[in-house]
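Engineer: In our numbering, the protein residues as written are 35 to 723. Right, I'll just put the structure down here and ask away after.
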Amino acid sequence: MLSKKKGRECWAKPKVEGTTVRFEVTPGKPPAGEDGTVKRTGARCIISGEPMGFDYVRAEGKAGRMGAQLMAIVTEGKRGRSYYSPDAEHARIAESAEPKWKPVGDVPEQALGFRVQLYGMDEYHKLFTPRQLTALTTFSDLVHEARELVTRDALASTPLGPPNELGGGLNVEDDRPLREGGQGARAYGEALQAYLGMALSRVVMGCNSLSRWNSFGQKVQHCFGRQALPMIWDFADPNPFTESTGSWSSGFKYVADPLERGGISPQARATVFQEDATALRIADKLLLSTDPPYYDNIGYADLSDMFYVWMRRTIREVYPDLFSTMLTPKSSELIASAHRHESKECATTSFEDGMRWTLQQARGLVVLDYPATVYYAFKQQDIGSNGSGASSGWETMLASLISGGFSIVGSWPIRTEMRTRLVGRGTNALASSIVLVCRPRPEDAPAISRRRFLDALRAELPGAIAEMKTGSIAPVDMAQATIGPGMAIFSRYSQVLEADGAPLTVRMALGLINAALDEVLEGAVTELDAETRFAVSWFEQYAFEKGDFGGANTIAQGKNTAVDSVERAGLVEATGGQVRLINWREYDPGAYEPEQDKRPTVWEGAHHLIERLNHHGEMGAAALYNRLPGDIAESARDLAYRLYHICDRKGWAEDALDYNVLVSSWSEITRLAASGRNRGDQADMFDDS
């Protein structure tokens with residue numbers, strides 16, 4: 035599909051002519067079965083229809099017999115994108131470029147997230163088309179020319195005026211380079227060269243043969259939708275002279291915008307240097323704020339080479355020490371990469387030892403007046419189905435901090451991840467990273483028993499969770515945020531000991547913290563009405579699917595109610611010996627009248643708020659909030675937390691999203707509700723018709 039925009043759908047239809055194929059831009063959607071030739075199991079020949087296994091495709095690629103063919107041309111006009119079928123002349127022009135330079139360096143045979151080398155793209159220049167190589171090389175040359183022009187103009191300017199302003203403040207007698215702290219024309223030109231070099235590296239992200247075409251947004255999507263270089267089968271070749279992804283203009287904007295919007299004073303001074311974190315040579319105390327490597331999730335050095343080869347060509351003379359090697363150094367990189375060690379176990383041991391040593395060194399250097407902060411891009415799969423913390427990366431990070439002498443005193447989700455990242459699309463993945471707030475643990479910290487640890491969890495966690503709820507921590511973030519107060523208890527002691535004297539592991543502690551969270555959330559539900567308590571228990575087993583009446587009756591009796599009472603309250607449908615909860619999607623939008631509800635329940639209140647939020651937005655939900663009985667309105671949020679937690683454990687992503695959105699919108703709903711009450715014109719303000 036070229037365009038999936040409603041009303042403007044079109045696709046590239048293959049036309050087989052003997053042993054060749056051409057493509058025609060065709061309106062509408064492709065027929066079923068013609069929406070691609072590559073599946074998870076292999077490929078299909080577009081001419082003969084014969085299947086081809088990936089082993090064959092990879093062998094052909096490695097033999098140099100895999101190429102690319104122009105499928106369509108996209109233009110941009112006042113009325114949006116237009117699509118055209120290419121002809122032979124278009125193809126000839128696209129393939130006519132002859133680059134005068136190409137980056138030297140081999141793509142690693144094995145690397146985290148790399149797949150392209152399996153198909154013969156084993157050198158970095160093979161990740162670019164000849165036309166892209168020509169464009170990028172030309173831009174690199176122009177960066178050098180720009181530096182020469184700026185340096186010449188700076189030498190001609192008067193050395194008066196405020197520092198760092200063109201036309202003044204430059205010391206014409208200072209010929210030191212930028213890396214030595216120069217303040218003259220030479221350093222000024224090199225500074226511009228460095229910024230332009232970074233802009234070029236941003237262009238590289240989009241101007242390569244692994245960039246995708248986003249048929250929904252009708253735009254180029256750069257190749258790093260995630261921190262990996264997977265193989266793709268149709269790519270977008272962007273025009274570097276437009277304003278879109280892969281252009282020089284967009285690359286320059288990404289570098290310039292932070293400088294313009296960041297409020298950085300020209301008089302500000304900072305020293306940035308590259309240092310091996312495992313061998314810090316800092317004499318003074320430091321304020322520690324770090325985003326450490328993520329175990330085996332990302333191969334930073336390998337991924338950097340795609341940019342490094344272009345940066346080296348463009349700004350090597352500015353920072354010769356940084357670019358002294360042909361590719362990035364990798365032997366000391368602190369990641370658990372099995373292909374750099376004898377085995378996966380050796381890689382894990384190396385990572386754990388290195389992380390522990392690094393944090394031990396940092397502990398002796400941190401200033402005690404301020405906490406240390408450690409950032410971690412927590413993913414949903416970092417918690418196992420039983421909440422025990424199945425991710426080695428996450429466990430290792432916590433274990434390294436604790437064994438390194440730190441006590442974790444808090445954790446908080448922060449919004450740092452771009453919404454367009456591939457890992458989050460269509461999934462219940464976190465839209466946040468987590469920040470761990472740490473302080474050095476006293477050397478004489480005592481040990482405690484597992485029983486005392488559990489007692490402390492039960493005593494301290496409810497208050498911490500209540501405080502988080504008032505801050506509208508989204509349910510999707512609650513398990514991670516709870517780690518803070520839970521680990522604060524665990525890590526304030528030198529050890530937590532089992533009955534046999536064995537130390538409690540971080541994995542075990544995470545499981546106990548998550549179980550304690552379950553107890554707190556379940557405890558909040560036990561104080562609700564009997565019909566709601568029945569609905570929660572039934573939901574945990576069947577969600578909105580049918581179940582036997584006998585089982586429902588047993589649960590209802592245990593909650594001091596009856597199935598017919600729950601049915602009269604409007605929560606369930608009971609027919610033919612089957613019982614099921616009524617899904618909010620079955621509600622008549624906007625029809626609920628809480629004043630006329632003779633048996634109001636927290637379950638109904640929460641789900642009608644979800645319905646109103648989906649159909650009438652936060653204003654509509656706020657109107658309903660003001661009409662609900664006060665205890666039901668306030669308890670709806672606690673119920674949403676509990677139901678999200680159930681959905682998360684069960685893997686019910688769609689239902690989980692409903693409850694997460696309600697809690698995430700809670701602050702705005704209650705603000706609008708209070709505003710309506712204070713104004714005294716609630717009906718007009720919250721017209722949800």
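C-beta atoms are modelled at their ideal positions from N, C-alpha and C, and glycine is treated no differently.
According to the neighbour-count rule (16 or more other Cβ atoms, all chains shown, within 10 Å of its Cβ), is W267 buried or exposed?
Structural biologist: What you label residue 267 is simply residue 233 of the sequence shown in a count that begins at 1. Result: exposed.
Engineer: Over the uninterrupted alpha helix (DSSP H) stretch that includes I547, give me the two end residues.
Structural biologist: To locate residue 547, count along the sequence shown from 1; it is residue 513. Per DSSP, I547 belongs to the alpha helix (DSSP H) from V540 to T560.
Engineer: Within the continuous alpha helix (DSSP H) that includes I517, where are the two ends?
Structural biologist: Counted from its first residue, the sequence shown places residue 517 at position 483. It spans P509 to S525 - the alpha helix (DSSP H) in which I517 sits, taken as one unbroken run.
Engineer: Distance check for G114 and W618, CA to CA, integer angstroms please.
Structural biologist: Here residue 618 corresponds to residue number 584 of the sequence shown, with the count starting at 1. Here residue 114 corresponds to residue number 80 of the sequence shown, with the count starting at 1. Going from the Cα of W618 to the Cα of G114 covers about 39 Å.
Engineer: Would you tell me roughly how many angstroms separate the C-alpha atoms of F275 and A188, rounded to the nearest one?
Structural biologist: Residue 275 sits at position 241 when you count from the first residue of the sequence shown. Residue 188 sits at position 154 when you count from the first residue of the sequence shown. Answer to the nearest angstrom: the Cα atoms are 28 Å apart.
Engineer: To which residues does DSSP link R614 through a beta bridge?
Structural biologist: Position 580 of the sequence shown, counting from 1, holds the residue named residue 614. Bridge partners of R614: E607.
Engineer: With a threshold of 6 Å on Cβ separation, who are the neighbours of A550 within its own chain once the five nearest residues in sequence on each side are excluded?
Structural biologist: In the sequence shown, residue 550 corresponds to position 516, counting from 1. Counting only Cβ-Cβ distances below 6 Å, and skipping sequence neighbours, we find L491 and L495.
Engineer: Considering only residues of the same chain and omitting the five flanking positions on each side of R459, which have a CB-CB separation below 7 Å?
Structural biologist: Start at 1 with the first residue of the sequence shown, and residue 459 comes out as number 425. At R459 the pLDDT is 38, less than 50, meaning the model places this residue with poor confidence; the figure from the coordinates comes in the next sentence. Closer than 7 Å at Cβ, skipping near neighbours: no residue.
Engineer: Do A564 and R676 count as a contact pair if the criterion is CB distance below 8 Å?
Structural biologist: In the sequence shown, counting from the first residue as 1, residue 676 sits at position 642. In the sequence shown, counting from the first residue as 1, residue 564 sits at position 530. Cβ distance not < 8 Å, so R676 and A564 don't count as in contact.
Engineer: As a quick exercise: from V184, E207 and Q144, pick the residue whose alpha carbon is nearest that of A228.
Structural biologist: Your numbering for residue 228 matches position 194 in the sequence shown. With distances taken between Cα atoms, A228 lies closest to V184.
Engineer: Run through the region 343-421 for me and flag every whole beta strand (DSSP E) of 3 or more residues, listed as ranges in chain order.
Structural biologist: Listed in chain order, the beta strand (DSSP E) runs fully inside the region 343-421 are 406-410, counting runs of at least 3 residues.
Engineer: Alpha carbon to alpha carbon, how far is G201 from R213?
Structural biologist: The sequence position of residue 201 within the sequence shown is 167, counting from 1. The sequence position of residue 213 within the sequence shown is 179, counting from 1. Since pLDDT at G201 reaches only 42, below the 50 mark, its modelled position is unreliable, and the value read off the structure follows with that caveat. Their Cα atoms are separated by approximately 22 Å.
Engineer: Please classify N594: is it buried, with 16 or more other beta-carbons within 10 angstroms of its beta-carbon, or exposed?
Structural biologist: Within the sequence shown, the letter at position 560 stands for residue 594. It is exposed - the Cβ of N594 has fewer than 16 other Cβ atoms within 10 Å.
Engineer: Applying the criterion that 16 or more other CB atoms from any shown protein chain within 10 Å of the CB defines a buried residue, is Q255 buried or exposed?
Structural biologist: By 1-based counting over the sequence shown, the position of residue 255 is 221. Q255 should be labelled buried.
Engineer: Are A690 and C681 closer than 8 Å when you measure CB to CB?
Structural biologist: The count along the sequence shown starts at 1 and reaches residue 690 at position 656. The count along the sequence shown starts at 1 and reaches residue 681 at position 647. Yes; because the gap between Cβ atoms is below 8 Å, this pair is in contact.
Engineer: What residue does the alpha helix (DSSP H) around Y90 start on, and which one ends it?
Structural biologist: The count along the sequence shown starts at 1 and reaches residue 90 at position 56. From DSSP, the alpha helix (DSSP H) with Y90 extends over F88 to K96.
Engineer: Using the three-state DSSP reduction, which class does N660 fall into: helix, strand or coil?
Structural biologist: On the sequence shown, residue 660 is found 626 positions in, with the first residue counted as 1. Three-state result, N660: helix.
Engineer: Among residues of its own chain, excluding the 5 on either side of M502, which ones have a beta-carbon nearer than 6 Å to its beta-carbon?
Structural biologist: Indexing the sequence shown from 1 puts residue 502 at position 468. Result list for M502: A515, in chain order.
Engineer: I'd like the span of the alpha helix (DSSP H) that includes P480, first residue to last.
Structural biologist: Indexing the sequence shown from 1 puts residue 480 at position 446. Run containing P480: none; DSSP gives neither H nor E here.
Engineer: Using only the alpha-carbon positions, how far apart do P142 and I369 sit?
Structural biologist: Mapped onto the sequence shown, residue 142 falls at position 108. Mapped onto the sequence shown, residue 369 falls at position 335. Separation of P142 and I369 (C-alpha to C-alpha, rounded to the nearest whole angstrom) is 16 Å.
Engineer: Can you tell me which of the three DSSP states F568 falls into?
Structural biologist: Here residue 568 refers to the residue found at position 534 of the sequence shown. Three-state DSSP puts F568 in a helix.
Engineer: Assign F720 to one of two classes, buried (16 or more other C-beta atoms within 10 Å of its C-beta) or exposed (fewer than that).
Structural biologist: The residue labelled residue 720 in the question sits at position 686 within the sequence shown. Below a pLDDT of 50, predicted positions are generally treated as unreliable, and F720, at 43, falls in that range; the measurement from the model is reported next regardless. Flag for F720 reads buried.
Engineer: If we count the other Cβ atoms within 10 Å of its Cβ and call it buried at 16 or more, is T635 buried or exposed?
Structural biologist: By 1-based counting over the sequence shown, the position of residue 635 is 601. It counts as buried.
Engineer: Is A508 buried or exposed, if buried means 16 or more other CB atoms sit within 10 Å of its CB?
Structural biologist: Residue numbering aside, residue 508 sits at position 474 when the sequence shown is read from its first letter. Buried, because 16 or more other Cβ atoms sit within 10 Å of the Cβ of A508.
Engineer: Check whether the region 475-485 touches the region 526-533, counting contact only when three or more Cβ pairs, one atom from each stretch, lie closer than 8 Å.
Structural biologist: yes
Engineer: Quick one: is R74 buried, meaning 16 or more other Cβ sit within 10 Å of its Cβ, or exposed?
Structural biologist: As a position in the sequence shown, residue 74 is number 40, starting the count at 1. Under a 10 Å Cβ-count criterion, R74 is classified as exposed, with fewer than 16 other Cβ atoms of the shown protein chains found around its own Cβ.
Engineer: On the CB-based measure, 16 or more other CB atoms within 10 Å of its CB, does L194 come out buried or exposed?
Structural biologist: On the sequence shown, position 160 is the one that residue 194 refers to. Its pLDDT being 46, under 50, L194 is placed unreliably by the model, and nothing is read from it.
Engineer: Tell me where the beta strand (DSSP E) around N587 begins and ends.
Structural biologist: Translated into the one-based positions of the sequence shown, residue 587 becomes position 553. It is not in any beta strand (DSSP E) - N587 instead sits in the alpha helix (DSSP H) that spans F583 to G592.
Engineer: Could you tell me whether the Cβ atoms of L167 and H159 are closer together than 8 Å?
Structural biologist: The count along the sequence shown starts at 1 and reaches residue 167 at position 133. The count along the sequence shown starts at 1 and reaches residue 159 at position 125. Less than 8 Å divides the Cβ of L167 from the Cβ of H159.
Engineer: Looking at the secondary structure, which residues open and close the alpha helix (DSSP H) in which I127 lies?
Structural biologist: Reading the sequence shown from its first residue, position 93 is the one you call residue 127. A122 to A128 is the extent of the alpha helix (DSSP H) around I127.
Engineer: Between the Cα of T362 and the Cα atoms of F487, I349 and F341, which residue gives the shortest distance?
Structural biologist: To locate residue 362, count along the sequence shown from 1; it is residue 328. It is F341.
Engineer: Could you check what DSSP says for R315 in three-state terms: helix, strand or coil?
Structural biologist: Residue numbering aside, residue 315 sits at position 281 when the sequence shown is read from its first letter. Three-state DSSP puts R315 in coil, outside helix and strand.
Engineer: In the DSSP assignment, find the alpha helix (DSSP H) that holds A145 and state where it starts and stops.
Structural biologist: Reading the sequence shown from its first residue, position 111 is the one you call residue 145. Here A145 belongs to no alpha helix (DSSP H), and DSSP marks it neither H nor E.
Engineer: In whole angstroms, give me the CA-to-CA distance for L161 and A640.
Structural biologist: Walking along the sequence shown from the start, residue 161 turns up at place 127. Walking along the sequence shown from the start, residue 640 turns up at place 606. Approximately 52 Å, taken between the alpha carbons.
Engineer: Using 8 Å for Cβ pairs, my map puts L643 next to L696. What's the rounded Cβ distance?
Structural biologist: Counted from its first residue, the sequence shown places residue 643 at position 609. Counted from its first residue, the sequence shown places residue 696 at position 662. With 8 Å as the limit, L643 and L696 qualify as a contact, their Cβ atoms being about 6 Å apart.
Engineer: In angstroms with no decimal places, state the Cα-to-Cα distance between A674 and G654.
Structural biologist: Residue 674 sits at position 640 when you count from the first residue of the sequence shown. Residue 654 sits at position 620 when you count from the first residue of the sequence shown. The alpha-carbon atoms of A674 and G654 are separated by roughly 18 Å.
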